[in-house]
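Notes follow the structure.
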């Protein structure tokens, strides 16, 4: 780890700059965040410009990608279906990374969404190291073997203060969440496993350290510990920063930004920033520089280390710093484009033209800005599509008599990805590409069998996203910092209440099916996605549900066909469920647009609490009807 340099030796130090990207999700174009000259950020286009500038300024820098690269956009889906290495050459995303001079990368969990063979073919064209100590395949003899090399050692020459180059050996190890193989069971099958991060590091790190690298960089496709309480507490970037032998940690997966003056989820009373992970201003955790560079190329992580160019392996403890740089796109047409970027942009243009074709018409605006309090018209549409498809799929089978529910979650509800992470659609023609607004993933639809008792447990599992709100107190955060909003599943077809003043496990009440109290012994089908059906989020384990089958259509196709059949979509803004309880107030972090037209709800009062430092808006939520009021029915 980091050690102090003897006095008087600093003239021999080397400056090593590490740059990091993560969770690019195959986004090419920058996102428009404001109307000013610096209002477009992220995407490969803007990122390529910044990286080329930084390379010219410092040819010795190291550049790493931390995964979730190949999935997450309409272009990614099209490439997964059409790209073949033998016909089209190097995967266009990997080709651009080759051109930009990436030094190493590790796959993320979503890079396996299209199957392991696709990931291997795509990364097979890399001119940089690709490492993962997590992914293993079972051989015919029953042994488990690494699919990617678990680590590598980069040999680099870095110029010192006197201009004389010196040799530096940089070890790189990569890991992803151990749950990945379960999340992607439909795409990976039983012969692929992903080790828990701590186990993966325990197996591979000692071998790397025996190579005696000067610096060890951990590409950890996981967030800072404590930002997701459903992830084991030893499986995150903060835990990795405590590991002996690790000098630099690159985090990802959760789309959070670290270091940050005011992380989106790290809030105290009604939006006031509070100390989070205990890092110091230099972006160190437990003395180790850590960076988590958000998502979509909108932030670039930068870590600077001063190496002592003497005997042994020594780093200057006082010098390491980590920070994020906003990736701002230059004005269109002002920068030359290399052939790799032009190729990717041409493909993006083709996808955009296809995506601009009319899908249906939206009769009124549709937004996910209040989805975390049950106003989720997009989720309702997806739930209706899944339920209808499930009903057709079970015709003529023994399951045809079971009532069908649908489970959806507000995937785009702000949170770690910030104020741009909402569905916000204007009335009018709805183009094809908005399918990714509703559901950005490529997995299949799935059916689960569950009892009434299990359905109630499913809802309690979902209700864990809420903070424990104390009655009569000043408003605190409504949503926990430690559980992402996309774990707030709604079971469409059931009516129910959620009381955030109750402890976890006792929050959901008055559950009704077709107006009648839910029978614990009744049997239901839940239509959902294969990711949730595989056990992601803990819902299967909590509810005792059983997988009935993976259906033969991707969720996106199910939704597309449903919307096309509707002709016109009228967003239904009735509450999916009711927040209840009495005498409490809590702060909801949402988009600025939500505060401009807060709805008049029968069961809640909503008031504007003002802007937040991260670009979000605070809305104060309070119950309108007391819990004992007989008119308060879901």
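Numbering (my numbering), first residue to last: 1 to 634. No residue lacks a Cβ here, since even glycine has one placed at the ideal position from N, Cα and C.
Determine the closest residue to residue i out of the options, with distance taken between C-alpha atoms.
i	options	result
residue 588	605, 359, 290	605
residue 285	211, 346, 239, 397	239
residue 154	185, 199, 102, 146	102
residue 372	468, 204, 347, 415	415
residue 582	212, 539, 571, 499	499
residue 466	585, 363, 360	585
residue 375	63, 544, 572, 340	572
residue 368	393, 110, 408	408
residue 360	16, 30, 127, 566	566
residue 530	542, 524, 546, 522	546
residue 448	52, 527, 401, 504	527
residue 622	610, 476, 398, 110	476
residue 305	18, 132, 291	18
residue 443	47, 77, 59, 54	77
residue 346	492, 93, 437	93
residue 504	469, 122, 496	469
residue 490	342, 91, 222, 405	405
residue 323	340, 341, 283	283
residue 46	403, 331, 253	331
residue 574	617, 492, 518, 590	492
residue 543	451, 150, 518, 558	451
residue 178	222, 204, 207, 146	222
residue 557	401, 464, 388	388
residue 385	123, 438, 327	438
Would you kindly work out how many angstroms separate the C-alpha atoms of residue i and residue j, rounded to a whole number?
i	j	result
residue 157	residue 163	11 angstroms
residue 112	residue 515	42 angstroms
residue 174	residue 288	17 angstroms
residue 141	residue 200	21 angstroms
residue 209	residue 71	32 angstroms
residue 494	residue 511	7 angstroms
residue 633	residue 578	Its pLDDT being 40, under 50, residue 633 is placed unreliably in this model, and the value from its coordinates should be taken loosely. Taking the straight line joining both Cα atoms gives about 8 angstroms.
residue 390	residue 325	46 angstroms
residue 541	residue 454	10 angstroms
residue 187	residue 281	42 angstroms
residue 167	residue 64	19 angstroms
residue 459	residue 508	7 angstroms
residue 317	residue 104	At residue 317, the pLDDT of 48 sits below 50, so the modelled position is not reliable and the matter cannot be decided from this model.
residue 524	residue 596	40 angstroms
residue 219	residue 83	27 angstroms
residue 462	residue 496	12 angstroms
residue 264	residue 395	Any answer about residue 264 is weak, because its pLDDT of 39 lies below 50 and its placement is not dependable; what the coordinates show is given next. If you take the alpha carbons of residue 264 and residue 395, they lie about 46 angstroms apart.
residue 48	residue 344	12 angstroms
residue 106	residue 130	6 angstroms
residue 321	residue 598	42 angstroms
residue 80	residue 548	27 angstroms
residue 513	residue 125	53 angstroms
residue 342	residue 610	42 angstroms
residue 472	residue 436	41 angstroms
Between residue i and the rest of its own chain, which residues show a CB-CB distance below 6 angstroms, the 5 nearest in sequence each way excluded?
i	result
residue 348	28, 75
residue 217	172, 248
residue 24	69, 297
residue 144	136, 138
residue 261	Reliability of the predicted coordinates at residue 261 is poor, the pLDDT of 44 falling under 50, and the value obtained from them is presented with this limitation in mind. Here the set comprises nothing.
residue 43	27, 28, 29, 30, 297
residue 607	620
residue 181	188, 192, 193, 194
Closer than 7 angstroms, CB to CB, is residue i near chain C or not?
i	result
residue 494	Judged by its chain identifiers, the structure shown contains no chain C, having just a single protein chain.
Short of 8 angstroms in beta carbon distance, which residues of its chain neighbour residue i, apart from the five on each side in sequence? Order them along the chain.
i	result
residue 624	601, 602, 603, 604, 605
residue 213	153, 169, 170, 171, 313
residue 426	362, 365
residue 554	442, 443, 444, 445
residue 539	407, 458, 461, 462, 489, 532, 545
Excluding sequence positions up to five away, which residues of its chain have a Cβ less than 7 angstroms from the Cβ of residue i?
i	result
residue 191	137, 138
residue 410	368, 371, 372, 376, 379, 485, 486, 488
residue 615	418, 419
residue 431	355, 356, 357, 358, 359
Return yes when the C-beta of residue i is under 6 angstroms from any heavy atom of the ligand FMN, and no when it is not.
i	result
residue 539	Here there are no bound small molecules, and the ligand FMN is not part of this structure.
Handout entry: the region 414 to 430 / the region 528 to 541 touching (three or more Cβ pairs under 8 angstroms)
Key = Taking 8 angstroms as the limit for Cβ pairs, the verdict is that the region 528 to 541 does not touch the region 414 to 430.
Practice task
Give a yes or no on contact between the region 472 to 485 and the region 560 to 577, applying the rule of three or more CB pairs nearer than 8 angstroms.
Solution key: Cβ pair count under 8 angstroms is below three, so no.
Practice task
Quick one: which unbroken alpha helix (DSSP H) runs of 4-plus residues sit fully inside the region 543 to 631? Chain order, please.
Solution key: Those alpha helix (DSSP H) runs which fall completely within the region 543 to 631 and span 4+ residues are 555 to 566, 592 to 596.
Practice task
Just list the alpha helix (DSSP H) runs in the region 83 to 130, keeping only unbroken ones of 4 residues or longer that don't cross its boundaries, in chain order.
Solution key: Those alpha helix (DSSP H) runs which fall completely within the region 83 to 130 and span 4+ residues are 85 to 88, 92 to 100, 116 to 123.
Exercise for the section: Enumerate, from N- to C-terminal direction, the unbroken alpha helix (DSSP H) stretches of 4 or more residues contained entirely within the region 141 to 184. Expected result: If we require 4 residues or more, the alpha helix (DSSP H) runs fully inside the region 141 to 184 come out as 180 to 183.
Practice task
Jot down the residue ranges of each uninterrupted alpha helix (DSSP H) in the region 441 to 514, minimum 4 residues, whole runs only, in chain order.
Solution key: Qualifying alpha helix (DSSP H) stretches, in chain order: 452 to 462.
Handout entry: Uninterrupted alpha helix (DSSP H) stretches inside the region 325 to 413 (no shorter than 4 residues)
Key = Considered as a whole, the region 325 to 413 harbours 339 to 355, 377 to 393 as its complete alpha helix (DSSP H) runs of no fewer than 4 residues, in chain order.
Exercise for the section: Within the region 6 to 77, note down every full alpha helix (DSSP H) run reaching 4 residues or more, in order along the chain. Expected result: Here the runs fully enclosed are 43 to 57.
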